[in-house]
Ligand SMILES: Cc1cc2nc3c(=O)[nH]c(=O)nc-3n(C[C@H](O)[C@H](O)[C@H](O)COP(=O)(O)OP(=O)(O)OC[C@H]3O[C@@H](n4cnc5c(N)ncnc54)[C@H](O)[C@@H]3O)c2cc1C
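Residue numbers (this note's numbering): 87 to 473.
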């Protein structure tokens, strides 16, 4: 089914992304990222120079100024995921969907001036640290504290599972600045690489996304100046997180649809070229029916996601709608990739093949950004209320 949300500007941008991939994301590079467990800085700088990151950074700070229009980000995602480079797509996503928005939408003028130009070029890479060893879904259960001191805060605690946490220069960190767990007891502070007592910890070994770092962070008496309090006002952290979560969940939905479509394309091409019992694997009725199921699911997925992207553009994507998108899209992604692996036979299990890597990468889509159970909880509360 033809999609209708893109115009010639998006298609022209798609060509830029394809060109970038040809030049900077070769198979040798992908293998290097997987071996190193991170995307190298040179690639991130090249992405900045070509305008592939920093899309929502206002033009006055060197970005593309796409504040609410997610379509260009979707083009980046589709092309990179479609090329079998999930880790690269993930690293770009953290920069553009999880780190940059807090400064663009909620930062003070000084914070924008200090960090946004470097974030658009790739010289400054960001991460978002909410989850802790003892608290993930239940974010109000975090224990990292930021106690007021002269001119700033003293931060103590730990975060875990932080995407791009090892490579990040700045980390938007969710901390407790008040007592109890009322929403106004939390704030967001920017911790900078090199601050005394801030340790990026070790890279965690993951099931998938091997070329994209995930780290444990620890903070021991880290002094963070007042200027690094996002928005310049204490007690807004929880609300600020809630404000960006729809975008984070939309972005996972887009990544899931892109991987689902890639699963279909890879499976179609593979079964057309593979022979068994004297015919193409694509000619078995089972394969044809599975491909028909996949193609239809991909059409429905994009129709839904495209609608969500347009709602986001008009500032109408609610937390509940974004939660639906996140759990529904990632559940469909899992089904599509599972069928795809099966249609590839043994090769579907070999990580040299993109379908195998995408299958492993996709598993976390149902866990991070809020688990799919939490997403269903958000949606169901709207339906039946909560006692
Ligand atoms: C690879 C990776 C990258 C990540 N990147 C980041 C990042 O960049 N920044 C960041 O802050 N975090 C990140 N996370 C953390 C991620 O968001 C959390 O793992 C996730 O929110 C779940 O939290 P948890 O692991 O503490 O699980 P728990 O909250 O302990 O949940 C365990 C199980 O209980 C279920 N559960 C919990 N509460 C309920 C409920 N109310 N109703 C029904 N079921 C429930 C969950 O759905 C899950 O199945 C990442 C995680 C991974 C694995």
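Every residue gets a Cβ at the ideal spot worked out from N, C-alpha and C, and that includes glycine.
The beta strand (DSSP E) that contains residue i, what's its start and end?
i	result
residue 311	300 to 311
residue 142	Careful: residue 142 lies outside any beta strand (DSSP E) and carries neither H nor E.
residue 101	No beta strand (DSSP E) holds residue 101; the alpha helix (DSSP H) holding it covers 94 to 110.
residue 204	First-last for residue 204: 195 to 207, but that is the alpha helix (DSSP H), not the beta strand (DSSP E).
residue 373	Careful: residue 373 lies outside any beta strand (DSSP E), inside the alpha helix (DSSP H) at 371 to 399.
residue 158	It is not in any beta strand (DSSP E) - residue 158 instead sits in the alpha helix (DSSP H) that spans 157 to 168.
Name the residue from the options whose alpha carbon lies nearest to the alpha carbon of residue i.
i	options	result
residue 267	252, 299, 366, 226	226
residue 233	280, 309, 248	309
residue 131	174, 406, 443, 301	174
residue 408	418, 417, 397	397
residue 329	192, 248, 319	192
residue 458	168, 406, 442, 422	406
residue 432	400, 145, 356	356
residue 231	125, 399, 264, 390	264
residue 171	240, 119, 338, 471	119
residue 249	228, 211, 269, 262	211
residue 392	95, 125, 164, 122	164
residue 144	285, 178, 317, 207	207
residue 278	311, 293, 337, 262	311
residue 209	240, 126, 215	126
residue 297	452, 94, 124, 334	124
residue 189	318, 221, 411	318
residue 215	257, 98, 320	257
residue 53	97, 122, 88, 96	Because the chain spans 87 through 473 in this model, residue 53 falls outside it and cannot be assessed.
Taking the alpha helix (DSSP H) that residue i falls in, what are its first and last residues?
i	result
residue 333	323 to 359
residue 423	405 to 429
Exposed or buried, residue i, counting other C-beta atoms within 10 Å across all chains shown (16 or more means buried)?
i	result
residue 372	exposed
residue 299	buried
residue 418	buried
residue 332	buried
residue 113	exposed
residue 115	buried
residue 223	exposed
residue 219	exposed
residue 341	buried
residue 282	exposed
residue 160	buried
residue 447	buried
residue 326	buried
residue 375	exposed
residue 402	exposed
* **Contact the stretch 361 to 377 vs the stretch 179 to 189: 3+ CB pairs below 8 Å** => Output reads no: the stretch 179 to 189 does not touch the stretch 361 to 377.
* To do: Check whether the stretch 378 to 392 touches the stretch 456 to 471, taking contact to mean three or more Cβ pairs, one atom from each stretch, closer than 8 Å.
  => As far as the Cβ criterion goes, the stretch 378 to 392 does not touch the stretch 456 to 471, which means the pair count is below three.
* Hey, is the stretch 332 to 346 in contact with the stretch 271 to 291, meaning 3+ C-beta pairs nearer than 8 Å? -> Taking 8 Å as the limit for Cβ pairs, the verdict is that the stretch 271 to 291 does not touch the stretch 332 to 346.
* contact_flag[the stretch 233 to 248, the stretch 187 to 207] where n(CB pairs < 8 Å) is 3 or more -> They do not touch, by the three-pair rule.
* Between the stretch 100 to 113 and the stretch 134 to 141, are three or more C-beta pairs nearer than 8 Å? -> The stretch 134 to 141 and the stretch 100 to 113 touch, with three or more beta-carbon pairs separated by less than 8 Å.
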